[in-house]
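Below is one structure, written out as structure tokens; the observations come after it.
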């Protein structure tokens, strides 16, 4: 088993034992199983998942780090929302606002990258919310 801990600046999101972890690394998605070598990886906005008692659980995460050491996985991210806690309508509204803002901005505007990031977060939240109960 792995000991999984997920932390944001607002507090602890998860502290539990799991069978495996799949994370959205900046170099691509990667998995962690018990006995994995120690590592530190940078995470990007994406879908984080873990297997627990035969059920795959999903969490929308924002930028951060994952530290793997001696069967302990510590995830430190800006934000993390488990699938069952995502407000799907709010995520859709955020997507709409970001899309509208991007239409009005050129890629040279300083707000463009912020709106791109907001759109990416909204899309991941919608994707993860769609995985509830799987």
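Residue numbers (our numbering): 58 to 191.
A virtual CB, placed ideally from N, CA and C, is assigned to each residue, including glycine.
Every value quoted in this text rests on a predicted model; they were computed, and no experiment measured them.
Problem set entry | Cut-off 7 Å between Cβ atoms - residues of its own chain near residue 107, not counting five sequence neighbours on either side | 61, 75, 77, 78, 114
Problem set entry | Inside the region 123–186 only - beta strand (DSSP E) runs reaching at least 3 residues | 129–134, 137–139
Problem set entry | Reference residue 130, options 178, 95, 169, closest by Cα | 95
Exercise. Which residues in the same chain as residue 128 place their Cβ atom closer than 6 Å to its Cβ, once the five residues preceding and following it in sequence are excluded?
Worked result: 59, 91
Exercise. Taking all protein chains shown into account, do 16 or more other C-beta atoms lie within 10 angstroms of the C-beta of residue 182, making it buried, or fewer, making it exposed?
Worked result: buried
For this session: Have a look at the DSSP bridge pairing and note the partners of residue 106.
Result: 79, 115
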